[in-house]
Amino acid sequence: MPIGRLISELQSCGARLADPTAGHESRRGGAGPSDHKAMTIDGVTVMVPVHTAPAFASPYIVEKPDAFGKSTISRDGVKLGDVSFPTRPRFYDLTTADGIPYWKLATLHSRDVLATTVLQSCIRYQSRTKTCQFCAIGQSLAAGRTVERKTPGQLAEVAKAAVELDGIKHMVMTTGTPPGPDRGAAILAESARAVKDAVDLPIQGQCEPPDDDAWFARMRDAGIDALGMHLEVVTDEVRARVMPGKAQVPLTRYFDAFAAAATIFGRGQVSTYILAGLGDPKEAILATCAKLIALGVYPFVVPFVPISGTPLESHPPPAAVFMHDILKPLSDLLRSGALAATDIKAGCGRCGACSALSTYEREALA
Ligand code: SF4
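No gaps in the numbering here: position 346 of the sequence shown is 1406 in the numbering used here, and each next residue is one more.
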């Protein structure tokens, strides 16, 4: 099976771990890839759901790693690939001068990405009628696994250590949306400035479109190299259903912001996360991707993963064939538009572990 197809299968079905302690601790709740574990399959590091309901019944089994940490993945007794797990980062053992463990401030994603949620709360999260139905941003905070507001100084300290001790290559800074018209751009900018003062590390900022496009230049000047503004879903009906609060920001505002941001950050350095499998037809997703690519925006299409404890925890993930039918033509669209995951300076598109998209891109070039 081509590796892109296998990754789509795994991200749809999840995997059962013969040894649940394999690899370093997986994260449950929070922003980004929750209920997953990072694993490297035939040289490609991907996030595979292991704590979701579909994963518990998955036909894919990852064997207990041997003494060298090597394992295999199989289905129906047939070996499909070699597996290893990124090791626990050394910066996880450190603590700030004020007593906060570094792992509560930022975490390792995939194998070389440092990820943090600068503000672990959101104006939309408290209200059932406004919250994004797929989001678990408050869960890790409620469980005491993170702190609500990471200061610029704390993030700089962690980033420096993660680069020096663990060879981290780029950083993702996301944020819940605070009250106020900048939508989080200001705290991303001040955090990026502090990190860049401490260590040379490419940074992606992720926020909603700020009300004033002047924030794009401010964020770039503060040290943000790439920007993510995440559509999540693309049709009005699905937007209103799964993210009733965020849907109040119209798609036209997103597209105006994409165009403005692309002129500041450059073609291919602005991206958007699109969750496939929540009801948008594949034709609508591909049409939106074509529009984005024309603007120079990289559409990072990932399969929806139901996170335990969220309103969508019982919503099924998309079938692997649905993802294949999007990612295959999308990789062709990206090539025609001269956009590539490998050209992105920092962030989810560059990391690629939550989707098989970059693998499809590589396979299209082979
Ligand atoms: S794609 Fe983004 S969210 Fe997923 S593991 Fe990589 S950095 Fe984290």
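Backbone N, C-alpha and C define an ideal beta-carbon position, used for all residues, glycine too.
**Request:** Take residue 1395 as the anchor and find which of 1064, 1421 and 1263 has the nearest alpha-carbon.
**Result:** Relative to residue 1395, the option among 1064, 1421 and 1263 whose CA is nearest is 1421.
**Message:** Can you look up residue 1109 in the DSSP assignment and give me helix, strand or coil?
**Reply:** In the structure shown, residue 1109 falls within a strand segment according to DSSP collapsed to helix, strand and coil.
**Prompt:** Which residues in the same chain as residue 1082 place their Cβ atom closer than 6 Å to its Cβ, once the five residues preceding and following it in sequence are excluded?
**Reply:** These residues qualify, in order along the chain: 1125 and 1145.
**Asked** Secondary structure at residue 1061, three-state DSSP: helix, strand or coil?
**Response** Coil, per DSSP.
**Item:** Any alpha helix (DSSP H) of 4 or more consecutive residues that is wholly inside the stretch 1213-1290
**Value:** 1245-1258 and 1274-1282
**Request:** From the DSSP output, read off the bridge partner residues of residue 1142.
**Result:** 1132
**Assigned secondary structure, residue 1096 (DSSP; H/G/I helix, E/B strand, else coil)** = strand
**Item:** contact_flag[the stretch 1162-1169, the stretch 1179-1195] where n(CB pairs < 8 Å) is 3 or more
**Value:** Contact between the stretch 1162-1169 and the stretch 1179-1195 is absent: fewer than three C-beta pairs spanning the two stretches fall below 8 Å.
**Which of helix, strand or coil DSSP assigns to residue 1147** = coil
**Request:** Determine which residues share a DSSP beta bridge with residue 1155 and list them.
**Result:** 1161
**Spatial neighbours of residue 1198 in its chain, beta-carbon cut-off 6 Å, leaving aside the 5 residues before and after** = 1185
**Extent of the continuous alpha helix (DSSP H) run through residue 1200** = Taken as a continuous stretch (DSSP letters only), the alpha helix (DSSP H) holding residue 1200 covers 1197-1202.
**Delimiting residues of the alpha helix (DSSP H) encompassing residue 1382** = Unbroken alpha helix (DSSP H) run through residue 1382: 1380-1396.
**Request:** Compare the beta carbon distance of residue 1216 and residue 1178 with 8 Å and say whether it is the shorter of the two.
**Result:** For residue 1216 and residue 1178, no; Cβs fall outside 8 Å.
**Prompt:** Starting from residue 1345 and walking both ways along the beta strand (DSSP E), at which residues does that stretch end?
**Reply:** Element bounds for residue 1345: not the beta strand (DSSP E) but the alpha helix (DSSP H), 1342-1355.
**Message:** Going by DSSP, what residue range makes up the alpha helix (DSSP H) through residue 1298?
**Reply:** 1296-1302
**Asked** Which partner residues does residue 1331 have in the DSSP bridge list?
**Response** 1288 and 1358
**Message:** As a quick exercise: from 1109, 1318, 1151 and 1244, pick the residue whose alpha carbon is nearest that of residue 1095.
**Reply:** For the residues 1109, 1318, 1151 and 1244, the minimum Cα distance to residue 1095 belongs to 1109.
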